[in-house]
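Per the working numbering, residue 2 is the first one in the sequence shown, and the count goes up by one each step.
Just below is one structure, and these are the notes that go with it.
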Amino acid sequence: MSDDSTPTESTGRIALHWQIAIALVLALTVALMADEETTLFGTSLVAIFTFFGGLFLNALKMIVVPLIVASIIMGVRNMAARENFGRVGGKTVGFYVATGLIAVVTGLVLVNVINPGGGEAVKELRADMPDVSEQLAKVEGRDAGDLVEVISRAVPDNIFAAAVNMELLALIFFSVVFGYFMSRLKGAASETLTSFWSGIQDVMIQITLWVLRFAPYGVFALVGKALLTVDLLLLIQALVWFTLTVLLALATHFFVTLPLLLRFVGGVRPYAYYGRIMPAQLMAFSTASSSATLPVTLRSAGRAGVSERTTSFVLPLGATVNMDGTALFECVVVIFIAQVYGADLGFANQFLVVLLALLTSIGVAGIPAASLVAIVLIMTVLGLPLEAIGLYIAVDRILDMCRTSVNVTSDLTVTALVARTEGEELPEVRAGGGSATEDAAA
Numbered sequence: 002m003s004d005d006s007t008p009t010e011s012t013g014r015i016a017l018h019w020q021i022a023i024a025l026v027l028a029l030t031v032a033l034m035a036d037e038e039t040t041l042f043g044t045s046l047v048a049i050f051t052f053f054g055g056l057f058l059n060a061l062k063m064i065v066v067p068l069i070v071a072s073i074i075m076g077v078r079n080m081a082a083r084e085n086f087g088r089v090g091g092k093t094v095g096f097y098v099a100t101g102l103i104a105v106v107t108g109l110v111l112v113n114v115i116n117p118g119g120g121e122a123v124k125e126l127r128a129d130m131p132d133v134s135e136q137l138a139k140v141e142g143r144d145a146g147d148l149v150e151v152i153s154r155a156v157p158d159n160i161f162a163a164a165v166n167m168e169l170l171a172l173i174f175f176s177v178v179f180g181y182f183m184s185r186l187k188g189a190a191s192e193t194l195t196s197f198w199s200g201i202q203d204v205m206i207q208i209t210l211w212v213l214r215f216a217p218y219g220v221f222a223l224v225g226k227a228l229l230t231v232d233l234l235l236l237i238q239a240l241v242w243f244t245l246t247v248l249l250a251l252a253t254h255f256f257v258t259l260p261l262l263l264r265f266v267g268g269v270r271p272y273a274y275y276g277r278i279m280p281a282q283l284m285a286f287s288t289a290s291s292s293a294t295l296p297v298t299l300r301s302a303g304r305a306g307v308s309e310r311t312t313s314f315v316l317p318l319g320a321t322v323n324m325d326g327t328a329l330f331e332c333v334v335v336i337f338i339a340q341v342y343g344a345d346l347g348f349a350n351q352f353l354v355v356l357l358a359l360l361t362s363i364g365v366a367g368i369p370a371a372s373l374v375a376i377v378l379i380m381t382v383l384g385l386p387l388e389a390i391g392l393y394i395a396v397d398r399i400l401d402m403c404r405t406s407v408n409v410t411s412d413l414t415v416t417a418l419v420a421r422t423e424g425e426e427l428p429e430v431r432a433g434g435g436s437a438t439e440d441a442a443a
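Structure, rendered in structure tokens:
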């Protein structure tokens, strides 16, 4: 998809990703000049940011369900009509599992090498951990058996209730089944349903483009609130090695693993491709939500030249089940807490952590406090004290923004790999395939 086909991604003067980058800089500037008590026209600045940031998030979430359902139904319908449907589905799942496993192992290696929980300064935090009773209330009574229940929700007993509750795994399962059997229809019924769902998809794309016009303002409010309500300097000083371990592991996956896969498996120039998908990466960083970023992710893949028949199937699935950054983070947190408490996790237990981090990052992706629930499940299996989540919860928001950006980048990487292995050219980013220079108005 050419840049000329997506003019509404910007105001016509500055590209969307540069608008978002400017919003991030302005949010940091405001945070340095103000604090949590600052008021504007008699109203708390935090409250103002909360209001406008909430409006933007609500607008994004508003379009997620119809966009996912329509995109997957049409994607599966179009793919199921082809003989290679099973092959494409197998490739998608295989790439998602492979990238997730590599991410978790990367986190495991670095947390063992750096040993962020081995310092005395970190251990002293145990006596002065923040109150996490509110967070623990969300996962009270959960254990490893709940993972089965979460995954079982993929087969909904009421699809309308699943839509209301944003149970994305259930919606994806229903949409895949519906799209597949819709492709088996013939005659007028097939034409009517195809026109109906295609029309819904087109309308949702138009709504998405309209919402994206307000993205820089939403990003400014969301990031501004986060920076005003967290003492970043104090937290980073207290948890510097843990923070650096997570960031280094995420950066390794982001700047090394995924680019290598793009270059040597997909034949794609990694950073030319990254240049095309930057709006989705920045949006993911700002919103800390793969699902809320999905509309931008779909548009970014289109800008990189990936066909709609591939993006409409691979990306909605990835937004729910492919969580490389989350799985990596879960592994690092659990090993970090074990180090702080002096628990010696042998090879078998560390392998168990890898397996559970990979599975839980998939199974709990669509529920509130997703990574928190997953970490509690893993800690319960290993017998670690649940209160220990207070050791990292204070820096979770900032790290959440980083790992979500990795999640979305992984989704888009797999999309490119599937497209290239299915014979799509991606001329703007393919190795030796042309210029990746972006139109300033793209």
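For each residue, glycine too, the CB sits at the ideal point set by N, CA and C.
All of these numbers come straight from a predicted model, not from anything done at the bench.
- Cβ neighbours of I160 within its own chain (closer than 6 Å, five residues either side excluded): F175.
- In this structure, the straight-line span from the alpha carbon of D325 to that of V355 is close to 12 Å.
- Look at the beta carbons and you see the stretch 248–262 touching the stretch 402–409: at least three pairs across the two are nearer than 8 Å.
- Per DSSP, the continuous alpha helix (DSSP H) segment holding S199 begins and ends at G188 to L213.
- Three or more beta-carbon pairs drawn from the stretch 407–424 and the stretch 323–340 are found closer than 8 Å, and the two stretches are therefore classed as touching.
- Cβ atoms of Y218 and V415 stay farther apart than 8 Å, at about 31 Å.
- Two segments are said to touch when three or more pairs of C-beta atoms, one from each, lie closer than 8 Å; by this definition the stretch 342–356 does not touch the stretch 416–431.
- When DSSP states are grouped into helix, strand and coil, S45 belongs to the strand group.
- For G347, no alpha helix (DSSP H) run applies, since DSSP gives it neither H nor E.
- By the Cβ rule, the stretch 179–199 does not count as touching the stretch 262–282, because fewer than three pairs are nearer than 8 Å.
- With contacts defined by Cβ atoms closer than 7 Å, W198 and A28 do not form a contacting pair.
- Distance from the CA of I64 to the CA of G119, rounded to the nearest whole angstrom, comes to 45 Å.
- Taking C-beta atoms as the reference points, L263 and V269 count as a pair closer than 7 Å.
- Taking 8 Å as the upper bound for CB-CB distance, L295 and L111 are not in contact here, some 29 Å apart.
- The beta-bridge partner set that DSSP reports for T40 consists of S45.
- Here F286 has M402 and S406 as same chain residues with Cβ atoms under 6 Å from its own Cβ, once five neighbours each way along the sequence are excluded.
- According to the DSSP assignment, P157 belongs to no alpha helix (DSSP H), since it is labelled neither H nor E.
- Under DSSP, V269 shares a beta bridge with R431.
- Residue state for P386 is assigned as coil, using DSSP reduced to three classes.
- DSSP places M34 in the helix class (H, G or I) of the three-state scheme.
- F255: not part of any alpha helix (DSSP H); DSSP gives it neither H nor E.
- Exposure of M34 is indicated by the presence of fewer than 16 other C-beta atoms within 10 angstroms of its C-beta.
- Annotated as distal: A293 and R398, with beta-carbon spacing of 7 Å or more.
- A81 places its beta carbon less than 7 Å from that of S184.
- Straight across, the Cα-Cα distance linking N350 with L383 is about 8 Å.
- The beta carbons of V105 and C332 sit closer together than 7 Å.
- Setting aside the 5 residues that flank it on each side, Y393 is surrounded in the same chain by V334, each with a C-beta closer than 6 Å to its C-beta; the list follows chain order.
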